[in-house]
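Worksheet: the structure to be examined is printed underneath.
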Amino acid sequence: MSPTPSASGALCVIVATDNKHGIGINNTLPWHLPEDLAHFKRTTSGHPIIMGRKTFDSIGRPLPNRRNIVITRNREWSHAGVETVSSLQDAAALVAGTDSFIIGGAQIYAESLPLATRLIVTEIGKSFDCDAFFPAIDHQLWQEVARETHRSESQEFDYAFVTYERR
Numbered sequence: 041m042s043p044t045p046s047a048s049g050a051l052c053v054i055v056a057t058d059n060k061h062g063i064g065i066n067n068t069l070p071w072h073l074p075e076d077l078a079h080f081k082r083t084t085s086g087h088p089i090i091m092g093r094k095t096f097d098s099i100g101r102p103l104p105n106r107r108n109i110v111i112t113r114n115r116e117w118s119h120a121g122v123e124t125v126s127s128l129q130d131a132a133a134l135v136a137g138t139d140s141f142i143i144g145g146a147q148i149y150a151e152s153l154p155l156a157t158r159l160i161v162t163e164i165g166k167s168f169d170c171d172a173f174f175p176a177i178d179h180q181l182w183q184e185v186a187r188e189t190h191r192s193e194s195q196e197f198d199y200a201f202v203t204y205e206r207r
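Take this note's numbering: the last position of the sequence shown gets the number 207, and nothing is skipped along the way.
Below you can see the structure in the form of structure tokens.
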């Protein structure tokens, strides 16, 4: 099964987590996994991406070949090549009927889980020092539908690209 949203315009969450659900520290990724960055690029290219302002700041620029939507409470904040909204609901309304991806951070992920129909999770088989976390996946609500397991020889840990669909 392809790790992309459904043809009906799904709101999909894409995230990489360590084995304690960690997603970042000091607004950066705590690991270096080029394979995950390539997977992220392949999966999200051509689709709108929705993120919080801190996530955008950590990236530093709009990601190419994607409609970049940033959620911020600061009405004065703007950046060339980016659309801004004040809530996840406003962002979801902008992309209604199109396949789109929530790309972080922790607060946006937590708010988006009730709206999402698919999760694409890179599960990293190691713990890192993190200060931001992804909510635990409730397996009563989410069913695993695909898993690709890999080994990062350079980093000496296993990781998997896992797709979940809402039950």
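Glycine included, C-beta positions come from ideal geometry on N, C-alpha and C. Owing to the predicted nature of the structure, the values given are computational and were not obtained by experimental measurement.
Per DSSP, residue i forms a beta bridge with which residues?
i      : result
VAL185 : Bridge partners of VAL185: none, in fact.
LEU51  : SER140
THR68  : ILE65
TYR204 : LEU159, GLU184
ASN108 : ILE89, VAL122
HIS190 : TYR199
ALA56  : THR162
PHE174 : Answer by DSSP bridge pairing: none, since PHE174 is not bridged.
If we call anything under 9 Å between Cβ atoms a contact, is residue i one with residue j?
i      : j      : result
LEU69  : ILE89  : no
ILE54  : GLY92  : no
THR157 : LEU73  : no
SER98  : THR112 : no
TYR199 : GLU75  : yes
GLU123 : LEU134 : yes
PHE211 : ARG206 : Nothing about residue 211 can be read from this structure; the chain reaches only from 41 to 207.
ILE164 : TRP71  : yes
Let me make sure I understand the geometry here. Which of the options has the alpha-carbon closest to that of residue i?
i      : options                       : result
LYS60  : ASN114, LYS94, LYS166, ASN67  : LYS166
PHE174 : SER192, ILE143, PHE201        : ILE143
ALA172 : GLU196, ALA56, GLY49          : ALA56
ILE63  : PHE168, ARG187, ARG191        : PHE168
ALA146 : LEU51, ILE65, ALA50, GLY49    : ILE65
ARG82  : GLY100, ARG101, ARG106        : ARG106
LEU181 : GLU193, LEU153, GLN195        : LEU153
GLY86  : GLN129, THR138, GLY100        : THR138
ASN67  : ASN108, CYS170, ALA120, ASP58 : CYS170
Can you tell me whether residue i is buried or exposed, with buried defined as 16 or more other CB within 10 angstroms of its CB?
i      : result
TRP117 : exposed
ASP178 : exposed
VAL202 : buried
THR189 : exposed
SER42  : Only weak support is given to the placement of SER42: the predicted model assigns it a pLDDT of 40, under 50, and the value that follows is read from those uncertain coordinates. So SER42 counts as exposed.
SER140 : buried
ALA131 : buried
LEU155 : exposed
ASN114 : exposed
LEU51  : buried
VAL110 : buried
LEU77  : exposed
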